[in-house]
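What follows is a single structure, written as structure tokens, with notes after it.
Right, dumping it as structure tokens:
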């Protein structure tokens, strides 16, 4: 049996691809318009937008704001929706009578919720923190961790 209709699935795929395409086009076009000077060496493991911004000679406040807004739309809001759905699932599990069924439901949901929290948590740490307060070494660790999890 199918839980989701084919039409809903197609709409979700299109929305995902469209939002990813839009965000990458906007971020790349804004990044390409920045002047870069000095040594063109990234002190990072990956060529992520936040790492590239460190090489820019101009003010990157607008691009950092755009990254933050896209992070809210693409990372934080879906994370909140997932957490909200788990709150409803938790309330349903707590109403169950059988201890065995509760245990099985908690183990299944607990594993999935752990993966969701690790995945979204590292993405939030990577893209939604002020760069002035985040040391580069910590950013490297978060980037590697995010890549391993993703």
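Residue numbers (our numbering): 6 to 155.
Glycine residues also receive a C-beta, built at the ideal position from the N, C-alpha and C atoms.
{"Item": "Short Cβ contact (8 angstroms threshold) for residue 71 with residue 35", "Value": "yes"}
{"Item": "Per-residue burial, residue 67 [other beta carbons within 10 Å of its own, 16 or more giving buried]", "Value": "exposed"}
{"Item": "Whole-Å CB distance - residue 63 paired with residue 39, under 8 angstroms assumed", "Value": "5 angstroms"}
{"Item": "Beta carbon proximity, residue 119 to chain C, threshold 8 angstroms", "Value": "No chain C appears in the structure shown, which is made up of a single protein chain."}
{"Item": "Beta-carbon proximity check, residue 132 vs residue 76, cutoff 8 angstroms", "Value": "yes"}
{"Item": "Alpha-carbon spacing of residue 114 relative to residue 69, whole angstroms", "Value": "35 angstroms"}
{"Item": "Bridge partner(s) assigned by DSSP for residue 124", "Value": "Beta-bridge pairing links residue 124 to no other residue."}
{"Item": "Local Cβ density within 10 Å of residue 127, reported as buried at 16 or more and exposed below that", "Value": "buried"}
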